[in-house]
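Chemist:
Numbering (the working numbering), first residue to last: 2 to 91.
#1: From 50, 63, 38 and 56, pick the residue whose C-alpha is nearest to that of residue 15; which is it?
#2: Cβ of residue 43 versus every heavy atom of the ligand ADP: is any distance shorter than 6 Å?
#3: Let me make sure I understand the geometry here. Which of 66, 51, 17 and 68 has the alpha-carbon closest to that of residue 35?
#4: Identify whether residue 30 lies in helix, strand or coil by the three-state DSSP scheme.
#5: In whole angstroms, give me the CA-to-CA distance for residue 19 and residue 72.
#6: Near residue 10, which residues of its chain fall below 8 Å by C-beta distance, leaving aside the five closest residues on each side in sequence?
See below:
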C-alpha cells in the first residue's frame, strides 16, 4: 500500500466501480461511500504516477537500445533520424 503497483487502469476501474456500486446501494451520504471515494482517489493518484514513471523509463530504455545499435552497427544515421535530426525518408 505504500509503493506504486502495476495494472493501473484496471485498479482505477475497479475502485470506481466499487464507489458507484456503494453509492447506488447505500447512497452518497453513507460512510462506506466516502471511504470508497477516498480509496478511489488514492488509487487513481497512484495510477497517474505509475504511468508517468513508466513513460520516463521507456524513453530511457529506447535511448540506450538505439545507442547500443548505433555503436554495434556503426549506423548512427538511424539514431539521428529517430531523434529528429535528419528526415526519416529521402
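Backbone N, C-alpha and C fix where the C-beta goes; we use that ideal spot for every residue, glycine too.
Modeler: Let me spell this out:
#1: Here residue 15 is taken as the residue at index 14 of the chain shown, counted from 1. Answer by Cα proximity: 38.
#2: This structure lacks the ligand ADP, and indeed carries no ligand of any kind.
#3: Start at 1 with the first residue of the chain shown, and residue 35 comes out as number 34. If we check each option's Cα against that of residue 35, 17 comes out closest.
#4: As a position in the chain shown, residue 30 is number 29, starting the count at 1. DSSP places residue 30 in coil when its eight states are reduced to three.
#5: In the chain shown, the residue the question calls residue 19 occupies position 18. In the chain shown, the residue the question calls residue 72 occupies position 71. Cα-Cα distance, rounded: 51 Å.
#6: Here residue 10 refers to the residue found at position 9 of the chain shown. Closer than 8 Å at Cβ, skipping near neighbours: 48.
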